Every structure is written in C-alpha cells, then in structure tokens.
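Novice:
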Amino acid sequence: HLQFVKVTNKLSKSVSYTSEAFNQTFLQAKLYLLINKMGETIPESVLKKRATLAELKAKREEHKAKITKDRKAKRGKIFKRAEQYVKEYKALENDLIRQKRVAKAAGNIFVEPESKLIVATRIRGIIGVSPKVRKILQLLRLRQIHNTVFLKANKATINMLRLVEPFVAYGYPNLKTVRELIYKRGFGKVNKQRIPIADNSVVEEVLGKKDIICVEDLIHEIYTVGPNFKAAANFLWPFKLSSPNGGFKRKLLHFNEGGDAGNRGEKINALIKRMI
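Going by my numbering, the first residue of the sequence shown is number 2, and it counts up by one from there.
#1: Touch check for the region 109 to 121 and the region 149 to 163: three-plus C-beta pairs under 8 angstroms?
#2: Measure the alpha-carbon distance for LEU219 versus ALA74 and round it to whole angstroms.
#3: Is the separation between the beta-carbon of ILE79 and that of THR178 shorter than 7 angstroms?
#4: Determine the contact status of ALA170 and ILE137, defining contact as a CB-CB distance below 7 angstroms.
#5: Taking all protein chains shown into account, do 16 or more other C-beta atoms lie within 10 angstroms of the C-beta of HIS64, making it buried, or fewer, making it exposed?
#6: At 3 residues or longer, what runs of the beta strand (DSSP E) sit wholly inside the region 164 to 210?
#7: For ILE110, does the count of other Cβ atoms within 10 angstroms reach 16, so buried, or fall short, so exposed?
#8: Measuring straight from C-alpha to C-alpha, what distance separates GLU205 and VAL47?
#9: Can you name, in chain order, every residue of its own chain whose Cβ lies under 8 angstroms from the Cβ of LYS101, other than the five neighbours on each side?
#10: How is LEU162 classed by DSSP in three states: helix, strand or coil?
#11: With 16 other CB atoms within 10 Å as the buried threshold, where does GLU1 fall?
#12: Please say whether HIS147 and LEU242 have beta carbons closer to each other than 7 angstroms?
#13: Please report the residue range of the beta strand (DSSP E) in which PHE236 lies.
#14: DSSP state of PHE80, grouped into three classes?
#15: Where do the ends of the beta strand (DSSP E) carrying ASN246 lie?
#16: Considering only residues of the same chain and omitting the five flanking positions on each side of PHE309, which have a CB-CB separation below 6 angstroms?
#17: Let me confirm a value: TYR173 is counted as buried when at least 16 other C-beta atoms fall within 10 Å, else exposed. Which label applies?
#18: Taking a contact to mean a Cβ-Cβ separation below 7 angstroms, would you say ILE198 touches GLY189 in this structure?
#19: Measure the C-alpha to C-alpha separation of ARG61 and ASN192 and round it to an integer number of angstroms.
#20: Looking only at DSSP bridge pairs, what is PHE151 linked to?
#21: Whose CA, out of LEU208, ASN246, MET161 and VAL226, lies closest to the CA of ASN175?
#22: Just reading off the alpha helix (DSSP H) that GLU258 is part of, what are its end residues?
#23: Going by CA-CA distance only, name the one from LYS211, PHE168 and GLU181 that's closest to PHE249.
#24: Could you check whether LYS211 and ALA232 sit closer than 7 angstroms to each other, using their CB atoms as the reference points?
#25: Return the bridge partner residues of GLY263 from the DSSP annotation.
#26: Determine whether the beta carbon atoms of VAL203 and ILE196 lie at a separation below 7 angstroms.
#27: Within a Cβ cutoff of 6 angstroms, which residues of the same chain sit near PHE240, ignoring the five residues on either side of it in sequence?
#28: Which partner residues does PHE240 have in the DSSP bridge list?
#29: Among residues of its own chain, excluding the 5 on either side of GLY126, which ones have a beta-carbon nearer than 6 angstroms to its beta-carbon?
#30: Measure how close the beta-carbons of LEU143 and ALA121 come, nearest whole angstrom, since I'm counting them as under 8 angstroms.
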C-alpha cells in the first residue's frame, strides 16, 4: 500500500489535478505495481484466505438481499391485513349502531351481546390471601399487584374470578384498551424470557405457525377471541401496570358498594387508562 502511494505521488507531480489527469495517474500507478509483482510468488495460505473472505462476503450479500426481499413482501401483506381489520372493526361498530336504531324505532330495548373478552387486574397484595385464592390467582397469572391479563369469558373463568373478586378488578375492554396495552406495555414470552414487543419479528418467531405475523394480527386475535386466543394470550407476558393516576377509592369494598374490587363492566377501560 505504501509503495502504491509513493508511485501515485511520483507520477502525479507532473500532472495537474483534474479528474481526467487523476484517473490517468491512478491507472499508471496500478500498472506499475502489477508489472513489479509479476515476478513475486503469493503464498497459498494468502490465496485461500482471500477466497474464503470473498465467499463469506458473497454469502452475506445474498442473505442480506433475501432478508430485504422477504421484509418487503411481508410489509405489503401486513399493510393489507391492517386495512382489512380496520374495515372489520368499523363494520361491527356500524352494525351495532344499526341494531340499536331499529330497536328504538320499533319501541324496543336493544341489549348488547355479552363480551367474549375479559381484562383482569390485581389490586391487592399478598396479605391475608388464603391458599385457595392464592392458587386461583396463580392460575390466572396474577402473581403480583397491578398485574393485568386477558381472559376468555367462559363459565370456568367467571367462576374463578368470582372466588377472587376481593383481590381483582375486571371488566370488558374495548379495542382502544387492548391496542394501548399491547403497544405501550406489551412484552412477549420468547424462550421463557420477557422480551419487549418492539418489532413484528418477535411476534412472528413464536406465533408464526398460527398465522399471526405482526402486532395487528395479535391485537385482532385477542380482541375477537379467535381460534388461537389461548396461544396469543399465553404469548403475552402479564402486563405490569402502574398504580392508577389519582389512586383507588376503597380497595376493600366491591365496585357496587363504591369500592374498586370486582366486576365493573365497561368502566374497566377508564381504570386501565389511568394505570398504563
């Protein structure tokens, strides 16, 4: 390299520094070095090393190009799915409004269908917890205060929640609550480790075989309680929320008595919003 620089400087002393002159000087210096090296013998180890490095570089470039191509294809697929989900949510909302208007016009009262999704958060600690209640809280993955999980609203879940009502607050979340919990406080379980959901690849790595390849797929599966709800809910690490802004009223009383514990229906969304 030093010899190359010396030759370049020597040949460029008599040439003005225009782009054409510099290119000509560079080619002359390269030719001069090639002529000097014709008689030299390059060790076989050096040649092997060069060939290995060139092969590794080619593989890296090929892998990089493949990843870029796959990401571009997935980006388009994810975008189309997100658009489809927005249309689906809007259609559900419009259908509910239409049914309410039809019932009102006929002089009837429209009763909304019961939600299939429950969000439960633990509001009390470990003092005074009986063994049975402690076991149920472990099954619900509510091991710490302010832990929050999504649950499917079935008979078994509701019966368990009734047994631990003094220790939890639960209700029926809306789409905004589900989305904010996952985007703002979402962590996934990857190889038994708590990994932040900072990229779609974290979701795809675990739930890709269930055709859940992005965060919007995960939100849709949770909110609609789809066929892969169990896998999606287990992938989500229990949310670790903060104490609610403004505090609790009376944690020892039921919500119907002016306290905080127990079922609060759709009003759980206001509580979760203060805790995120």
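A virtual CB, placed ideally from N, CA and C, is assigned to each residue, including glycine. Given the structure is predicted, the values throughout are model-derived calculations rather than measurements.
Specialist: Taking the definition as stated:
#1: The answer is yes - the region 149 to 163 touches the region 109 to 121, with three or more Cβ pairs under 8 angstroms.
#2: A straight-line Cα-Cα distance of about 19 angstroms links LEU219 and ALA74.
#3: The answer is no: Cβ separation not under 7 angstroms.
#4: Cβ atoms of ALA170 and ILE137: not closer than 7 angstroms.
#5: The C-beta of HIS64 has fewer than 16 other C-beta atoms within 10 Å across all chains shown, which makes the residue exposed.
#6: The DSSP assignment places complete beta strand (DSSP E) segments of no fewer than 3 residues inside the region 164 to 210 at 169 to 172, 188 to 191 and 194 to 197, in order along the chain.
#7: So ILE110 counts as exposed.
#8: When rounded, the separation of the alpha-carbon atoms in GLU205 and VAL47 is 43 angstroms.
#9: The residues are PHE111.
#10: Note: LEU162 maps to helix in three-state DSSP.
#11: This structure does not reach residue 1, given that the chain is present from 2 up to 277, and the question cannot be answered.
#12: Cβ atoms of LEU242 and HIS147: closer than 7 angstroms.
#13: Unbroken run through PHE236 is the alpha helix (DSSP H), 230 to 236; no beta strand (DSSP E).
#14: PHE80 sits in a helix when the DSSP states are folded into three classes.
#15: Unbroken run through ASN246: none, as it is neither H nor E.
#16: The structure shown does not extend to residue 309, since the chain is modelled only from 2 to 277, so the question has no answer here.
#17: Buried, since its Cβ has 16 or more Cβ neighbours within 10 Å.
#18: Cβ distance < 7 angstroms, so ILE198 and GLY189 count as in contact.
#19: Straight-line Cα distance between these residues: approximately 27 angstroms.
#20: Bridge partners of PHE151: VAL120.
#21: Of LEU208, ASN246, MET161 and VAL226, the residue nearest in Cα terms is VAL226.
#22: It is not in any alpha helix (DSSP H) - GLU258 carries neither H nor E in the DSSP assignment.
#23: Out of LYS211, PHE168 and GLU181, PHE168 has the C-alpha closest to the C-alpha of PHE249.
#24: Yes; because the gap between Cβ atoms is below 7 angstroms, this pair is in contact.
#25: In the DSSP assignment, the residues bridged to GLY263 are ALA170.
#26: In this structure, VAL203 places its C-beta atom within 7 angstroms of the C-beta atom of ILE196.
#27: The residues THR149, LEU182 and ARG186, in chain order, have a CB closer than 6 angstroms to that of PHE240 in the same chain once the five nearest residues on each side in sequence are set aside.
#28: When DSSP reads this structure, PHE240 sits in a beta bridge with THR149.
#29: Excluding positions up to five away in sequence, the list reads ILE146.
#30: About 7 angstroms separates the beta carbon of LEU143 from that of ALA121, a gap short enough to meet the 8 angstroms contact definition.
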